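A short worksheet on the structure shown next.
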Amino acid sequence: MIITIRHDRYVDFKIPPWASEEQTKKIIKYMEQNFPGIKRREVDEPPRYTGEKGETTSKKWTPKDIVLLFSDLSNEEIANKLKRSKASIDLTRGAKTTEIIAWAKKNGKKMPIGINTIKECMEAKHK
1 MIITIRHDRY
11 VDFKIPPWAS
21 EEQTKKIIKY
31 MEQNFPGIKR
41 REVDEPPRYT
51 GEKGETTSKK
61 WTPKDIVLLF
71 SDLSNEEIAN
81 KLKRSKASID
91 LTRGAKTTEI
101 IAWAKKNGKK
111 MPIGINTIKE
121 CMEAKHK
């Protein structure tokens, strides 16, 4: 999860966090208690971005690639830098960062997440 805070104190979730039903209730309760006037809307999943039709190949994610998912670069900037589709970044960023953060917390690793922690997590997953 990345939270951005602008100079004028606007706060935004750059990468929205996944939350269990219980966590969602707690987040909503906190927001309603601390920010009067909150309006809730249930929404469908946003549309997925798809590239042009054609041959597709799957590129393996390396620790060097994954560390960019923890940066404050936009999905589009990461896609350009890694020569991947924006859809690939959209689909992978939340899942991989959440998975690695959970592993790091469970294994007592320091934050922020760095390339060595990512390597350790990937090695542990493949044992």
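Those letters in the sequence shown? Residues 1 to 127, per the numbering used here, in order. Every residue gets a Cβ at the ideal spot worked out from N, C-alpha and C, and that includes glycine. As the structure is a prediction and not an experimental result, all values here were calculated from the model.
Quick one: what does DSSP say residue i is sitting in, helix, strand or coil?
i, result
"residue 4", "strand"
"residue 65", "helix"
"residue 48", "Because residue 48 sits at a pLDDT of 49, beneath the cut-off of 50, its placement in the model cannot be relied upon, and the point is left open."
"residue 75", "helix"
"residue 19", "coil"
Give the single residue among the options whose Cα lies nearest to the Cα of residue i.
i, options, result
"residue 35", "77, 15, 11", "11"
"residue 83", "96, 95, 60, 101", "60"
"residue 4", "70, 115, 127, 30", "70"
"residue 17", "1, 23, 31, 8", "1"
"residue 58", "14, 31, 89", "89"
Specify, as a first and last residue, the run of the beta strand (DSSP E) that residue i falls within.
i, result
"residue 12", "11-15"
Could you tell me the distance, in whole angstroms, from the CA atom of residue i to the CA atom of residue j?
i, j, result
"residue 99", "residue 72", "18 angstroms"
Say yes only if the C-beta of residue i is nearer than 6 angstroms to one or more non-hydrogen atoms of the ligand SAH, and no if none qualify.
i, result
"residue 38", "For the structure depicted, the ligand SAH is absent and the ligand set is empty, with no information on it obtainable."
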